[in-house]
Amino acid sequence: MQLGAVEKGLLPALLAIVMLGMGFGLAIGDFKRIFTTPLQTLVGTLGHFVIMPLAAYAVVLILGLEYELALGVILVGSCPSGTTSNLINYLAKGDVALAVVITALSTLLCPLLTPVIVTFFGSLLDPTGSSVMQISFFEMLKTVIAIIVVPISIGMAVKHKFPNFAKKIESPYKVFSILFLVFVVAFVAYKNRENLIDMILLIGLAVILHNTFGFLAGYLFPKLLGIAEKQARTISIEVAIQNTTLGMTLAIQFFGPKVALPSAIFSIWMYIAGVAMALFWGYVVPLKEEKAA
């Protein structure tokens with residue numbers, strides 16, 4: 001189903017507004033964690049651009065997904081984390097400060113890394129170039145810079161200059177972000193309404209496998225590197241929770257609604273799995289210091 005110019009222009013504009021709100025919640029001091037615990041930050045950040053894309057590629061090969069759906073799974077696996085991961089980490093009693101810096105750093109790196117990863121795995125999925133879909137690295141790069149880096153930078157500048165204003169408006173922006181996510185998921189579902197039922201079970205299975213692998217690898221890899229339990233749990237959540245709003249927006253902007261469907265389904269599932277993990281880690285098997293307290 002083809003999209004009009006208004007539809008393709010509206011979603012990036014609204015996402016840019018959401019990213020402006022993210023900037024209101026960030027300060028230069030938040031990035032100090034990069035230098036105090038570089039290994040934790042690096043592992044959590046690269047998890048989005050190594051673990052999740054590889055997991056996505058494995059899932060599409062295992063399930064034999066058609067090109068458009070496979071590309072959609074790769075796309076959601078190439079996105080950074082979003083503010084949802086910070087909320088889940090708060091509920092899980094994780095290291096929220098680490099979560100914030102991983103979210104911020106992965107978001108600022110995604111304008112370069114997301115197009116690179118999508119282009120690379122897209123060529124593996126279609127080595128002959130027979131698909132009618134063309135992946136434009138530079139166009140995607142420009143778009144992600146425009147809707148991610150620029151708004152966040154403006155938001156951070158506003159917070160630095162007018163901290164009281166940024167603090168007051170941060171909460172309304174969080175509400176807007178949730179409403180925007182719901183809107184985009186509904187929009188993608190509507191655009192795929194003709195064959196949604198036929199695809200949803202297969203995509204759902206792909207999403208569950210992808211997200212579960214993110215949680216497991218995001219936890220086990222830090223533990224193998226000797227990272228403490230609290231930070232390993234935090235990284236696990238950060239790796240497994242993606243910025244699906246970005247995935248849906250890029251899919252619609254460059255490929256079409258069908259490619260956006262995996263991101264839409266991932267949006268729903270990550271809340272279910274994320275809250276379940278938060279309850280499990282936060283209350284069923286709390287950290288030793290939490291038990292002692």
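Just so you know, we're using UniProt numbering here: the sequence shown kicks off at 1 and counts up by one.
Beta carbons: idealized from backbone N, C-alpha and C, even for Gly.
- When Cβ pairs closer than 8 Å are counted between the two stretches, the segment 187-198 is seen not to touch the segment 56-76, the count staying below three.
- The three-state secondary structure of V96, taken from DSSP, is helix.
- A straight line joining the alpha-carbon of G77 with that of L181 spans about 17 Å.
- Pairwise C-beta distances place the segment 211-228 in contact with the segment 39-53, as three or more of them are shorter than 8 Å.
- Cβ neighbours of S85 within its own chain (closer than 7 Å, five residues either side excluded): A99, T103, I237, E238 and I241.
- DSSP places H160 in the uninterrupted alpha helix (DSSP H) bounded by V150 to K161.
- In the structure shown, L26 falls within a coil segment according to DSSP collapsed to helix, strand and coil.
- Within its own chain, no residue has a Cβ closer than 6 Å to the Cβ of A157 once the five positions on either side in sequence are excluded.
- Contact between the segment 142-160 and the segment 17-29 is present: three or more C-beta pairs spanning the two stretches fall below 8 Å.
- Counting only the Cα atoms, G23 lies some 15 Å from C110.
- With contact defined as three or more Cβ pairs closer than 8 Å, the segment 201-215 and the segment 252-266 are in contact.
- Leaving aside the five residues that flank S81 on each side, the residues in its chain whose CB is nearer than 7 Å to its CB run, in chain order, H48, I102, T103, S106, E238, I241, Q242 and N243.
- Contact between the segment 250-258 and the segment 183-193 is present: 3 or more CB-CB pairs across the two stretches fall below 8 Å.
- The C-alpha of M277 is placed about 12 Å away from the C-alpha of L87.
- For Q253, the three-state secondary structure derived from DSSP is helix.
- Take the alpha-carbon of Y283 and the one of A92: they are about 8 Å apart.
- The beta carbon of I208 lies closer than 7 Å to those of W269 in the same chain, with the five residues before and after it left out.
- Counting along the chain, the unbroken alpha helix (DSSP H) around H210 starts and ends at L196 to L224.
- Counting along the chain, Q40 sits inside the alpha helix (DSSP H) bounded by residues P38 to L46.
- The Cβ atoms of I28 and H160 sit closer than 9 Å to each other.
- Of P12, E170, W281 and Y219, the smallest CA-CA separation from K142 is found for P12.
- For T119, the closest of T83, I74, V96 and F162 by C-alpha to C-alpha distance is I74.
- Leaving aside the five residues that flank T114 on each side, the residues in its chain whose CB is nearer than 7 Å to its CB run, in chain order, S78, C79 and V144.
- The C-alpha of D126 lies about 8 Å from the C-alpha of Y67.
- Rounded to whole angstroms, the gap between the alpha carbons of A55 and K167 is 37 Å.
- The beta carbon of Y57 sits closer than 6 Å to those of F121, all from its chain and outside the five residues before and after it, given in chain order.
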